[in-house]
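Only one structure is covered here, and it is reproduced in the block below.
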Amino acid sequence: MGQVDNLSVSSNEPMFKSVLIANRGEIAVRIARTLRNMGIRSVAIYSEVDRYSAHVTAADSAVALKGNTPAETYLRGDLIIATAKSQNVEAIIPGYGFLSENVDFAVQCEAAGICFIGPTPEQLRQFGLKHIAYEAAANADLPLLPHSELLADVEEAKLKAQTIGYPVMLKSTAGSGGMAMERCNDENHLVDMFSKVKRAAAKLYSDDGVYLEHCIDDARHIEVQIFGDGHGHVIALNERDCSLQRRHQKIVEETPPPNLSDNVRARLRDAAIRLGTSVKYRSAGTVEFVYDRTCNEFYFLEVNCRLQVEHPVTEATHGIDLIEWMVSLAAEEPPRALYSPPTPEGVAIEVRICSEDPLRNFHPSSGTLSQYQPNAVEVLTAGTYTTIQDYPGRVGHWDAGVPPSGPMDDYAFRLANRLVGNAENAAGLECTLVGPSLRFHISTIIAITGATMNAVLDGTSVDSWKPIPVQAGQILKLERSTSGCRTYIAVRGGFDVPIYLGSRSTFVLGKFGGYAGRILKSGDMLFIDKCISDSIPSSISDALIPHYPAEDEEWQVGVLYGPYGAPDFFMPDYIDQFFATTWQVHHNSNRLGVRLLGPKPTWSRSNGGEAGLHPSNIHDCEYAVGSINFTGDTPIILTQDGPSLGGFVCPMTIAKAELWKIGQMKPNDRIRFFPITFDQALAMEHDQDKSLTTLTSSTTSIPLSLLSSSASTTFECILAQLPETATRPTVVYRQAGDHYILTEYGAMQLDLRYRFRVHLLMEELRDHHPVNGILELAPGVRSLQ
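First residue of the sequence shown: 187, per our numbering; consecutive thereafter.
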């Protein structure tokens, strides 16, 4: 949440010299802070039991009120006004709760010559009782639910309920906060609840008036923050969603409300402004609505003529201080931003947290918190680019353009999880080039794999590729990598971050997944999940630890030919040159793709026809992860966060078992590509998976140059082809690595009939006759992958 401290004020001279805070707790502390920033002396009041509370020391001065209970202290308007006079304060600000919406208190303040910082007494009276507030809302043409007037007795309630229709809400006209109200499903239920609700209303609000309102089952609680100058100018400072509630209390408040259309939001703001303008509303207020999700309509509920507990989320997205606004307006110096309101930016969420007693149905439990040991890892420094990833990432959304993300080197990542006894899909850290510093708040076991980074635990070096016990309080520091590019840290149990679209992996470009959809920052707290396994391997075979080439060595990477090759797109000689070349990794490489430096391609055509002017252009088709994509004349290896669809040819695709190598390549590394067959690619993947399962090397590593030379000398990127018939265009099946097949219809021209065929084929394979083994289907302009 954004900060609202240290905001500028309207003038150099303080508008009030002294203000009394008629409240306690968090809101009193917050008000005292704002008053100090404005140069205004703050006076706190406190009961005897609150003598050492934070709000007492936060204020410039504090006065004790005799008594312990709220009724004896914070609800004694006469006592508070007498204190204000004794302290020579010019204004009283009530915050929320207690006397903040008390008409009599506001009147008494004005009679004593003390400014009441808030709405006028008449506005407090008008919106203090819901059945009267309904009249004001109706006059302002706000949508209302079917409802009754105040009910004289249960017999009248039964008649009104028949007219309104069950279910109904039986509600107190006084008060707020969801108290003294009950949902009634039928007449018997209404009869049972009637006296109960009246008694609760009388006890809580000293007013037993009740009325009926139609009940919406699939509802959201949406409210609009308004602010008025008291002369007819009212603005809306966006909406808040407060639908997540428990025990008559809001738990989570968010602005702007998620999954609410711009049209509905605009109509909500317009309705709130109409109501505020109609009464020339003064100061801060909240117009509350119930939103019916079944029909996308909203209805007026009530007006809270005060600050809300959740007002900071509005401040955070607008960069304002509502308390400062209230004080300035009360001093007849309205803030300039009231007439030129700021444009909201970002999203803010407030969560109300309190201690709860699980033995009493999680009721709030007050008292001293004597010990707290978070099951978490604290990020002290985050390193260059550290994210949370899981394996295999976000599968099944390629057709929507959502990449899998996940670890760039899934071999090292999966092995790290095996070393701490996790399942291979547990979430871990991926650290690029320079690692983080982490403080562990719980004893656990970790493993470090991947690129070699000097790892120090409380000043002592620790080894990679083996389990490492860590004690609570210890600090792990990873330095710059000396070989490879990405290091992985697994912790026993894995990191507990939300699953989004089936994965915990971070997609930074999309701003979702992982920890808040971003790279880690100093101060982040990463919570650890429970581990379901009891076994931890003591060591692994050295043969399982991969070799990362030194500066004078080169990477050897196995690729499959296709989907687009020679002679249709490239000259055959260039394909030979591609495999004979030692390529270099460009510095502009990342998780989207690894750019390569090498010989310029020679094309077998002069342009891309309808697809574009450059010979690399084709109609948009789906890419495979690991495709070597020629964007113009520049080859780029598309990786875990790369695009799913594009209009450039890909002559080679890296085998799945070889993709881990791409994750370890850093700028200036050298690469040789070797063509391998589909069967060889599957055998390599099988051996790799077996090694990760057994933690022993299943085969002797065979150099890719030997695999390539032992394979057939003829490599084809077209697997099969069906000729054109009277009822079907040509169909070409292209090899796109060892896990993808690109099915292409017709000639290289834009023809909607081809796109229709692609869609029908996708529906057939996905919905009507699914084929075992097909994990994803993604369409292009004239192709399906």
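Don't be surprised by glycine CBs; every beta carbon is placed ideally from N, CA and C. Here the structure is a predicted model, which is why all the values come from computation and not from measurement.
Apart from the five residues just before and just after residue i, which ones in its own chain have a Cβ nearer than 6 Å to its Cβ?
i, result
"Ala964", "Trp584, Asp585, Glu808 and Gln971"
"Val656", "Phe626, Thr630 and Ile632"
"His772", "Arg781 and Leu783"
"Pro329", "Tyr485"
"Thr817", "Phe834"
"Glu440", "Asp427 and Ile535"
"Thr573", "Glu616, Thr692, Gly700 and Ile705"
"Ala240", "Val215"
"Ser896", "Caution is warranted here: a pLDDT of 47 is assigned to Ser896, below 50, making its placement in the model unreliable, and the coordinate value is therefore given only provisionally. For Ser896, where only same-chain residues beyond five positions count, there are no Cβ hits under 6 Å."
Kindly list the residues whose CB is nearer than 7 Å to the CB of residue i, restricted to its own chain and excluding five residues on each side of it in sequence; keep chain order.
i, result
"Glu399", "Leu331, His333, Val354, Met355 and Lys357"
"Gly709", "Val565"
"Pro846", "For the sequence presented, residue 846 should be read as Trp rather than Pro. Excluding positions up to five away in sequence, the list reads Asp595, Asp596, Tyr597 and Ala598."
"Arg406", "Asp427, Ser429, Tyr477 and Arg479"
"Ala523", "Ile506"
Going by DSSP, what residues sit across from residue i in a beta bridge?
i, result
"Ala387", "None, per the DSSP bridge assignment."
"Ser204", "Arg227"
"Cys717", "Note: Cys717 sits in no beta bridge, so no partner."
"Ser541", "BP columns for Ser541 are empty, so no partner."
"Tyr485", "Val476"
"Lys346", "None, per the DSSP bridge assignment."
"Gln1000", "Because the chain in this structure spans residues 187 to 971, residue 1000 falls outside the shown range and cannot be described."
"Arg426", "Glu409"
"Thr646", "Leu643"
"Gly636", "Thr673"
"Gln431", "Lys436"
"Cys807", "Gly832"
"Asp415", "Arg468"
Which residue comes first and which comes last in the beta strand (DSSP E) that contains residue i?
i, result
"Gly299", "Taken as a continuous stretch (DSSP letters only), Gly299 belongs to no beta strand (DSSP E), as it is neither H nor E."
"Glu234", "It is not in any beta strand (DSSP E) - Glu234 carries neither H nor E in the DSSP assignment."
"Trp789", "Segment: none, Trp789 is in no beta strand (DSSP E) and carries neither H nor E."
"Pro655", "Ile654 to Val656"
"Lys663", "Ile661 to Val677"
"Ser629", "Neither: Ser629 is in no beta strand (DSSP E) and is coded neither H nor E."
"Gly779", "Gly779 to Leu783"
"Glu564", "Ala562 to Thr567"
"Thr572", "Thr572 to Gln575"
"Asn371", "No beta strand (DSSP E) holds Asn371; DSSP gives it neither H nor E."
"Met838", "Met838 to Ile840"
"Trp741", "Trp741 to Tyr747"
"Thr441", "Gln435 to Thr441"
Considering just the uninterrupted stretch of the alpha helix (DSSP H) at residue i, what are its terminal residues?
i, result
"Pro280", "Element bounds for Pro280: n/a, residue is neither H nor E."
"His925", "It is not in any alpha helix (DSSP H) - His925 carries neither H nor E in the DSSP assignment."
"Glu321", "Lys316 to Asn325"
"Met870", "Phe864 to Thr880"
"His945", "Leu938 to Glu949"
"Pro821", "Note, Pro821: premise wrong, no alpha helix (DSSP H); beta strand (DSSP E) at Thr820 to Leu824."
"His1006", "Residue 1006 lies beyond the range of the chain shown here (187 to 971); nothing can be said about it."
Since residue i contacts residue j with CB under 8 Å, what's their CB separation in whole angstroms?
i, j, result
"Arg614", "Asn603", "Contrary to the premise, residue 614 reads as Gly rather than Arg in this sequence. Sure, about 6 Å apart at Cβ, within 8 Å."
"Ser712", "Tyr701", "Here residue 712 turns out to be Leu, not Ser, going by the sequence shown. Right, the Cβ-Cβ distance comes to about 7 Å (below 8 Å), so this counts as a contact."
"Ile278", "Val249", "Contact doesn't hold; Cβ gap of about 13 Å is too wide."
"Gln309", "Val513", "Not confirmed; about 18 Å, so no contact."
"Gly966", "His805", "7 Å"
"Asp595", "Gly849", "3 Å"
"Glu321", "Arg426", "Incorrect: roughly 25 Å between the Cβ atoms, too far for contact."
"Thr618", "Arg672", "5 Å"
"Glu368", "Val383", "5 Å"
"Thr635", "Tyr674", "5 Å"
Please return the same chain residues whose Cβ sits closer than 8 Å to the Cβ of residue i, not counting the five positions on each side in sequence.
i, result
"Ile350", "Pro332, His333, Ser334, Leu398, Glu399 and His400"
"Arg385", "Asp394"
"Thr899", "Low per-residue confidence applies at Thr899: pLDDT is 45, beneath 50, and the placement is therefore not dependable enough to give any value."
"Gln874", "Tyr597 and Ala843"
At a Cβ threshold of 8 Å, is residue i touching chain D?
i, result
"Asp682", "Among the protein chains of the structure shown there is no chain D, as only one such chain exists."
task: Specify whether the region 778 to 797 and the region 535 to 544 touch according to this definition: at least 3 beta carbon pairs, one from each stretch, less than 8 Å apart.
output: no
task: Inspect the CB distances between the region 470 to 477 and the region 407 to 418 and report whether three or more fall short of 8 Å.
output: Between the region 470 to 477 and the region 407 to 418, the count of Cβ pairs shorter than 8 Å is three or higher; the stretches touch.
task: Taking 8 Å as the threshold, find out whether the region 482 to 493 comes into contact with the region 421 to 435 through three or more Cβ pairs.
output: no
- prompt: Can you find at least 3 beta carbon pairs, one from the region 854 to 868 and one from the region 731 to 743, that sit closer than 8 Å?
  reply: Short answer: they touch.
message: Using a Cβ distance threshold of 8 Å, determine whether the region 724 to 740 contacts the region 949 to 958, with at least three qualifying pairs required.
response: no
- prompt: Taking one C-beta from the region 439 to 458 and one from the region 281 to 288 each time, how about it: are there three or more such pairs within less than 8 Å?
  reply: The way I'd put it, the region 439 to 458 doesn't touch the region 281 to 288; fewer than three beta-carbon pairs between them come closer than 8 Å.
query: Would you say the region 451 to 459 touches the region 387 to 394, given that touching needs at least three Cβ pairs under 8 Å?
result: no
message: If contact is defined by three or more beta carbon pairs under 8 Å, each pair taking one atom from either stretch, is the region 714 to 721 in contact with the region 748 to 761?
response: no
message: Within 8 Å, do at least three Cβ pairs link the region 509 to 523 to the region 205 to 222?
response: yes
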